[in-house]
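Protein chains in written order, with UniProt numbering: chain A, 1 to 160; chain B, 1 to 160.
From the three backbone atoms N, C-alpha and C, an ideal C-beta is built for every residue, glycine too.
Step one of this worksheet: look at the structure below.
2 protein chains.
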Amino acid sequence: MTTELPHTEATEDGYGGAVSQTLARVARLHRLAGGRLLRPTGLCSGQEFLMMALWDAGPVRQSELARALDLDPSTVTLTLRRLEQGGYVIRARDPHDRRVMLVRASEESYALRPKVAEVWGQLEEHILDGLDDAEREAFARILSKVEKNLAPGEEDSPDA
Amino acid sequence: MTTELPHTEATEDGYGGAVSQTLARVARLHRLAGGRLLRPTGLCSGQEFLMMALWDAGPVRQSELARALDLDPSTVTLTLRRLEQGGYVIRARDPHDRRVMLVRASEESYALRPKVAEVWGQLEEHILDGLDDAEREAFARILSKVEKNLAPGEEDSPDA
DNA sequence: ACGCATTAATTGGCTGACCAATGATTGGTC
DNA sequence: GACCAATCATTGGTCAGCCAATTAATGCGT
Numbered sequence: 001m002t003t004e005l006p007h008t009e010a011t012e013d014g015y016g017g018a019v020s021q022t023l024a025r026v027a028r029l030h031r032l033a034g035g036r037l038l039r040p041t042g043l044c045s046g047q048e049f050l051m052m053a054l055w056d057a058g059p060v061r062q063s064e065l066a067r068a069l070d071l072d073p074s075t076v077t078l079t080l081r082r083l084e085q086g087g088y089v090i091r092a093r094d095p096h097d098r099r100v101m102l103v104r105a106s107e108e109s110y111a112l113r114p115k116v117a118e119v120w121g122q123l124e125e126h127i128l129d130g131l132d133d134a135e136r137e138a139f140a141r142i143l144s145k146v147e148k149n150l151a152p153g154e155e156d157s158p159d160a
Numbered sequence: 001m002t003t004e005l006p007h008t009e010a011t012e013d014g015y016g017g018a019v020s021q022t023l024a025r026v027a028r029l030h031r032l033a034g035g036r037l038l039r040p041t042g043l044c045s046g047q048e049f050l051m052m053a054l055w056d057a058g059p060v061r062q063s064e065l066a067r068a069l070d071l072d073p074s075t076v077t078l079t080l081r082r083l084e085q086g087g088y089v090i091r092a093r094d095p096h097d098r099r100v101m102l103v104r105a106s107e108e109s110y111a112l113r114p115k116v117a118e119v120w121g122q123l124e125e126h127i128l129d130g131l132d133d134a135e136r137e138a139f140a141r142i143l144s145k146v147e148k149n150l151a152p153g154e155e156d157s158p159d160a
């Protein structure tokens, strides 16, 4: 028999959280699309954020990257090591504090910078295709609110 | 010196794709929050979609699941194996076609069903907190459009 | 000056998810 | 009936990302 399964869509399913579910699906598709666009640059989905941070800032300690991007330190370590191996990034111990690892974008990596910007532009166009200005504005505004709601560190404690 | 890095926020950064970038961050936070809420049930982020599909449908072939959820077959195989090991799922070869694997939710797993629904509800509330009805409606509508834009399989080919 | 808490980074273990290639099984066609 | 293409699932390899525990280095307090 093998029951018929509806092709995943924004149809009410009796579990509630319709928007949340749609968001989850959109999130996956978005990441996937981004990864595809990013492929030609040699970067993987997720690495672009690290690189963008490094392009915009001088030598940075990893802990600073983890804090700024709200990533787990172990994630930063591993990803940076791979980026280093790919020649995108240069890591060196800070002589003044030998605990810290100072990271900076390699000279060659700057060639990717405009390409990454290009990718973001394409992706933006793709996801917003067919939306009028009002919708785009609304989407941006609402998304920001949602981000604040999900903001890291404000689980329960009303104030720090 | 270790340059100061701005705490990731929806601030223009010279890369364009502001909305897309915000979406990417929201996506990560959303998945993370969902995972946390899901933890008590014993499920991991991502598995809930499989389970929901199985709860709503009888014995299903894996290929059907992959198609319906738009997942890679290998992802389905691995995740289902883990779910099987956890006792959430039962897999058996179809006697009529020994290529296919028929999958169904275990009896005990149905206890999780309301909890998962609960989680979706909580998550929905969390992300939409502080949004008025109009914004919620707009968000849902726009997300659906975005999902269509990202819809799988419509990369280039205008029609099949 | 010694010791202990803090901070930085790393390792190990586990998750979903992808892609590409392989192994079964089936079903058509000649 | 033999062969060959299509289908289903699996394996092997890669990635980001998390958490928990560990090691290294610093700095503060007594």
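- Counting along the chain, the unbroken alpha helix (DSSP H) around residue 138 of chain B starts and ends at 133-150.
- The residue from B/137, B/146, B/119 and B/136 with its alpha-carbon nearest to that of residue 52 of chain B is B/119.
- Pairing residue 106 of chain A with residue 121 of chain A gives a Cβ-Cβ distance that is not under 7 Å.
- When DSSP assignments are scanned along the UniProt domain "HTH marR-type" (16-148) of chain A, the uninterrupted stretches of alpha helix (DSSP H) that are 4 or more residues long and fall wholly within it turn out to be 18-38, 47-56, 62-69, 73-85 and 113-128.
- With respect to chain B, the C-beta atom of residue 109 of chain A has no partner C-beta closer than 7 Å.
- In this structure, the straight-line span from the alpha carbon of residue 60 of chain B to that of residue 150 of chain B is close to 26 Å.
- Restricting attention to A/90, A/108 and A/66, the CA atom closest to the CA of residue 152 of chain A is found in A/66.
- Among the residues of chain A, none has a CB under 7 Å from the CB of residue 133 of chain B; the nearest is roughly 12 Å distant.
- In this structure, residue 68 of chain B sits away from residue 30 of chain A, with a CB-CB distance that is not shorter than 7 Å.
- The CB of residue 80 of chain A never comes closer than 9 Å to any CB in chain B; the least such distance is about 14 Å.
- By the rule that beta-carbons nearer than 7 Å mark a contact, residue 42 of chain A does not touch chain B.
- Rounded to the nearest angstrom, the gap between the Cα atoms of residue 130 of chain A and residue 113 of chain B is 37 Å.
- The beta carbon of residue 94 of chain B sits closer than 8 Å to the beta carbons of 61, 100, 101 and 102 from its chain, once the five residues preceding and following it are set aside; these are given in chain order.
- For a cut-off of 8 Å, the C-beta gap from residue 34 of chain B to residue 24 of chain A is around 7 Å, short enough to register as a contact.
- Around the CB of residue 80 of chain B, 16 or more other CB atoms lie within 10 Å, so the residue is classed as buried.
- By the neighbour-count definition (other C-beta atoms within 10 Å, threshold 16), residue 74 of chain B is an exposed residue.
- At least one C-beta of chain B is nearer than 7 Å to the C-beta of residue 142 of chain A.
- Residues of chain A with a Cβ closer than 7 Å to the Cβ of residue 88 of chain B do not exist; the shortest Cβ-Cβ separation is about 16 Å.
- Going by C-alpha positions, residue 20 of chain B is about 31 Å away from residue 63 of chain B.
- Distance from the CA of residue 110 of chain A to the CA of residue 41 of chain A, rounded to the nearest whole angstrom, comes to 12 Å.
- Using a CB distance cut-off of 7 Å, residue 68 of chain B counts as an interface residue toward chain A.
- Here residue 27 of chain B is buried. Its C-beta has 16 or more other C-beta atoms within 10 Å.
- Residue 135 of chain A is positioned such that its CB atom lies closer than 7 Å to that of residue 142 of chain B.
- Contact between residue 50 of chain B and residue 83 of chain B is confirmed by a C-beta separation of about 7 Å, below the 8 Å threshold.
- Taking CB atoms only, residue 35 of chain A has no neighbour in chain B less than 7 Å away.
- Rounded to the nearest whole angstrom, the CA to CA distance from residue 32 of chain B to residue 45 of chain B is 8 Å.
- Separation of the CB atoms of residue 58 of chain B and residue 123 of chain A is rounded to 39 Å, and the pair is thereby denied contact status at 8 Å.
- With a threshold of 16 other beta carbon atoms within 10 Å, residue 47 of chain B meets it and is buried.
- For the pair residue 85 of chain B and residue 85 of chain A, the Cα-to-Cα distance works out to about 37 Å.
- Using a Cβ distance threshold of 7 Å, residue 138 of chain A and residue 140 of chain B do not count as a contacting pair.
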